[in-house]
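Notes follow the structure.
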Amino acid sequence: MKKFNKKHRISLIIKQKFIFILTKLRKRGLYIFFSKTRIKIVFLWIIFFYLFLFPVTSQAYREFDNTTPKKRVEEGYIQKNLKSSRYWNLEFKIHINNNWSLAASTLDWVQGGDGSWGDPYLIENVTINAGGSGSGILIENSNDYFIIRKSTVYNSGSVGTDAGINLQSVSNGTLISNNISNNNRYGMYLWNSDNNMVS
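Its first residue numbered 31, the sequence shown is counted upward by one per residue in our numbering.
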């Protein structure tokens, strides 16, 4: 006697039930024109439909359901309040020396967050004219996660480490799509910094 694993047993049970139903139909005269090969083909098509097509169509229905975003908001999947994108033209330089939480709570152009990987601080859509001296954005002694995105910094100084964006002893920073051109010395300067991403 052959031993079958669980999948084979389930397959045999389904096949036996299917043949049983077809036999009942044949006895009643409703099932006359099928041979055993045709029965196998029909059986395989039914299995194919339930195993492959049914899960795909049900998944597609779930993905394109128009009520999904509303449900997600109502059920709490989206926890943050969405903010509209703002633009700041600053007449001063940004200097953060391990004081992200103070900056986030008092300055409009530093958007919330708690400095964690999942909720970093954000500086976005900021334009800074450094006035020909110093760095436009200087961040020092920070291990908090932060993102500087879609910002423009120009006209930094030409002495020492002056740069459009200057990171000193900084980790976990991400700089995305920033314009740091037309600076007198460096566009970007990193010193004693690691785990920072520039794109």
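Ideal Cβ placement from N, Cα and C applies to all residues, glycine included.
Remember, it's a predicted structure, so these values are computed and weren't measured experimentally.
Best match in the options for proximity to residue i [C-alpha to C-alpha]
{"i": "Gly162", "options": "Tyr216, Trp147, Ser172, Tyr151", "result": "Tyr216"}
{"i": "Ile178", "options": "Asn196, Gly187, Asn171", "result": "Asn196"}
{"i": "Ala160", "options": "Leu168, Val228, Tyr175", "result": "Leu168"}
{"i": "Ser211", "options": "Ser165, Trp221, Gly190, Asn222", "result": "Ser165"}
{"i": "Met227", "options": "Ala193, Thr204, Gly187", "result": "Thr204"}
{"i": "Ile40", "options": "Tyr219, Gly187, Lys54, Ile77", "result": "Ile77"}
{"i": "Asp192", "options": "Tyr219, Ile206, Ser207, Pro150", "result": "Tyr219"}
{"i": "Lys70", "options": "Ser146, Lys45, Ser131, Leu132", "result": "Lys45"}
6 Å CB neighbourhood of residue i in its chain, flanking five on each side removed
{"i": "Phe73", "result": "Phe48"}
{"i": "Ser201", "result": "Asn173, Asp224, Asn225"}
{"i": "Ile158", "result": "Leu120, Gly166, Val183"}
Unbroken alpha helix (DSSP H) run spanning residue i, endpoints
{"i": "Ser131", "result": "130–136"}
Endpoints, beta strand (DSSP E) assigned at residue i
{"i": "Glu170", "result": "167–172"}
{"i": "Asn208", "result": "Per DSSP, Asn208 belongs to no beta strand (DSSP E) and is neither H nor E."}
{"i": "Val229", "result": "Looking at the sequence shown, residue 229 is not Val but Ser. Where Ser229 is concerned, there is no enclosing beta strand (DSSP E), given that its DSSP letter is neither H nor E."}
{"i": "Ser199", "result": "193–200"}
{"i": "Gly217", "result": "216–221"}
{"i": "Trp147", "result": "Taken as a continuous stretch (DSSP letters only), Trp147 belongs to no beta strand (DSSP E), as it is neither H nor E."}
Which of helix, strand or coil DSSP assigns to residue i
{"i": "Ser41", "result": "helix"}
{"i": "Thr157", "result": "strand"}
{"i": "Phe176", "result": "strand"}
{"i": "Thr182", "result": "strand"}
{"i": "Thr53", "result": "helix"}
{"i": "Val189", "result": "coil"}
{"i": "Thr204", "result": "strand"}
{"i": "Trp118", "result": "strand"}
Contacting residues, own chain, Cβ-Cβ under 7 Å from residue i (five flanking each side not counted)
{"i": "Val156", "result": "Trp118, Leu120, Trp139, Ser181"}
Proximity test, Cβ basis, 9 Å: residue i and chain C
{"i": "Asp174", "result": "Protein chain content of the structure displayed is limited to a single chain, and chain C is not contained in it."}
Neighbourhood of residue i by C-beta, 8 Å cutoff - its chain only, sequence neighbours within 5 removed
{"i": "Ile153", "result": "Ile124, Trp139, Val140, Gln141, Ile167, Phe176, Ile177, Ile178, Arg179, Ser181"}
{"i": "Ser199", "result": "Glu170, Asn171, Ser172, Trp221, Asn222, Ser223"}
**OP:** Decide yes or no for the touch test of the stretch 179–198 against the stretch 128–138: beta carbon pairs closer than 8 Å, at least 3 of them.
**Re:** no
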